[in-house]
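Per UniProt numbering, the sequence shown runs over residues 1 to 276. Everything on this sheet refers to the single structure shown next.
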Amino acid sequence: MSYPYEEAFNLSLLTRSLSNATIMEYNHDLSDFFNFLRHFNDAYLENSNVETILESDVRQYLSMLQVQREVKNSTYTKVLSHLNGYFKYLFIHQINTHIPTLMLKGKKNVQSSVPTFDWLLNFDSYLLNSEISYYSRLVLLMTRHFYKISEILQPGFYRTFKLRSFSESERLFLNQFDVHIKTLQDLQRSDDSFLKLRQNIDSPLLSLPGLHKFLKKDLHFIAPNISPSSLYQSAICFYILTHNMTTDTEFMRTLRLDPSSLLYYRHLIIEQKLTI
């Protein structure tokens with residue numbers, strides 16, 4: 001059993017004449033939710049009873065989907081719908097006395113793109129393309145090493161990042177970037193990488209919206225309508241697809257993913273029918 005009352009809930013789904021694919025999606029999302037609780041929710045670990053699951057627990061899981069996995073709004077809404085259907089079933093059948101998803105709302109759909117591998121297959125040419133801004137190229141490099149936008153904007157991140165091992169072309173770019181950014185670092189009195197162009201010593205770091213302005217101008221060189229979150233998803237999926245003999249433990253260490261996140265990306269590869 002992947003989650004509580006799985007067999008009974010599946011029978012209820014069958015009575016609604018849902019397709020096998022839809023039922024499989026329900027089971028995948030519910031299994032992922034409860035797997036998350038088992039690994040990261042202390043209250044659920046102490047008392048693994050569905051009655052103890054609160055709205056805050058569901059919010060914690062949904063927040064993880066947004067922040068760590070950077071899922072699309074449509075995926076967020078679909079998962080919430082599946083969780084809501086499950087908890088309504090428990091409530092109707094008097095297994096639960098409350099519905100923890102009742103007050104939660106889905107996300108408005110926005111245009112998004114599926115992972116694309118062109119920028120990874122032609123990485124060196126993009127990295128050394130002077131028509132693309134230094135900031136955008138540094139984002140490509142950091143994303144290729146499996147870091148999210150939210151991580152690379154943290155103070156002191158660049159110092160840590162430069163300790164990694166790099167290819168010859170990557171090291172060449174970083175040397176060029178260091179020369180390029182030196183004047184701005186002196187102006188802002190900061191050795192970070194993503195800095196505001198106007199002096200602001202008290203708050204020198206570029207904001208997320210500020211970085212997105214650079215990316216918006218440059219990402220059309222890579223693929224139409226690609227988003228920063230798609231870049232990260234592409235890097236993860238590309239690595240999984242090109243390392244067939246790698247164990248799950250090695251994947252999680254290299255990609256810095258927990259088991260449920262690794263499962264999510266495997267599912268994404270199948271769902272989007274991604275190939276190299």
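C-beta atoms are modelled at their ideal positions from N, C-alpha and C, and glycine is treated no differently. Note that the structure is predicted; figures quoted are calculated from it, not measured.
- [ ] Return helix, strand or coil for Leu140, following the three-state DSSP convention.
- [x] Locating residue 140 in the sequence shown gives position 140, where the first residue counts as 1. Three-state DSSP puts Leu140 in a helix.
Task: Simplified DSSP assignment, three categories, for Leu37 - done: For the purposes of this step, residue 37 is taken as residue 37 along the sequence shown, with counting starting at 1. DSSP, reduced to helix, strand and coil, places Leu37 within a helical segment of the structure shown.
Task: Asn20 to Pro4 span [Cα, whole Å] - done: Within the sequence shown, residue 20 is the residue found at index 20, counting from 1. Within the sequence shown, residue 4 is the residue found at index 4, counting from 1. Between Asn20 and Pro4, the C-alpha separation is close to 20 Å.
TODO: Sort Met64, Asp202, Ser190, Tyr89 by Cα distance to Arg16 and report the nearest one.
DONE: In the sequence shown, the residue the question calls residue 16 occupies position 16. That would be Tyr89, whose Cα lies nearest to the Cα of Arg16.
Task: Sequence-distant residues of the same chain with beta carbon closer than 6 Å to Tyr264, five excluded per side - done: Stepping through the sequence shown from its first residue, residue 264 is reached at position 264. Setting aside the 5 residues that flank it on each side, Tyr264 is surrounded in the same chain by Arg69, each with a C-beta closer than 6 Å to its C-beta; the list follows chain order.
TODO: Report the residue from Ser193, Cys237, Ser167, Gln60 whose alpha carbon sits nearest the alpha carbon of Val179.
DONE: Along the sequence shown, one-based indexing puts residue 179 at 179. The option with the nearest alpha carbon to Val179 is Ser193.
TODO: Pair every Cβ in the segment 55-70 with every Cβ in the segment 30-37, then say whether three or more of these pairs are closer than 8 Å.
DONE: yes
Open item on the list: Considering Cα atoms alone, identify which of Gln233, Arg198, Ser203, Ile92 is closest to Ala8.
Closed with: If you number the sequence shown from 1, residue 8 lands on position 8. It is Ile92.
Open item on the list: In whole angstroms, give me the CA-to-CA distance for Pro204 and Leu195.
Closed with: If you number the sequence shown from 1, residue 204 lands on position 204. If you number the sequence shown from 1, residue 195 lands on position 195. Roughly 6 Å separates the two Cα atoms.
Task: Close beta carbons around His220, own chain, < 7 Å, minus the five adjacent residues each side - done: Stepping through the sequence shown from its first residue, residue 220 is reached at position 220. None.
TODO: Take the Cβ of Asp248 as the centre, count every other Cβ of all protein chains shown within 10 Å, and call the residue buried at 16 or more, exposed below.
DONE: Here residue 248 refers to the residue found at position 248 when the sequence shown is read from its first residue. With fewer than 16 other Cβ atoms within 10 Å, it is exposed.
Open item on the list: Checking the sheet assignment: what are the DSSP bridge partners for Leu206?
Closed with: The count along the sequence shown starts at 1 and reaches residue 206 at position 206. DSSP output for Leu206 lists no bridge partner at all.
- [ ] Starting from Ser261, follow the alpha helix (DSSP H) in both directions and report where the run begins and ends.
- [x] Reading the sequence shown from its first residue, position 261 is the one you call residue 261. Segment 259-271, the alpha helix (DSSP H) holding Ser261.
TODO: Locate the alpha helix (DSSP H) running through Asp192, then write down its first and last residues.
DONE: Within the sequence shown, numbered from 1, the residue matching residue 192 stands at position 192. Here Asp192 belongs to no alpha helix (DSSP H), and DSSP marks it neither H nor E.
Task: Classification of Thr75 by the beta-carbon crowding that lies within 10 angstroms, buried from 16 upward - done: Here residue 75 corresponds to residue number 75 of the sequence shown, with the count starting at 1. The residue in question, Thr75, is buried, as its Cβ has 16 or more Cβ neighbours within 10 Å.
TODO: Label Arg144 either buried or exposed according to how many other C-beta atoms from any shown protein chain fall within 10 Å of its C-beta, with 16 as the threshold for buried.
DONE: Sequence index remark: in the sequence shown, residue 144 carries index 144 (1-based). Under this definition Arg144 is a buried residue.
Task: Endpoints, the alpha helix (DSSP H) within which Phe123 is located - done: Within the sequence shown, residue 123 is the residue found at index 123, counting from 1. Phe123 -> alpha helix (DSSP H) spans 123-127.
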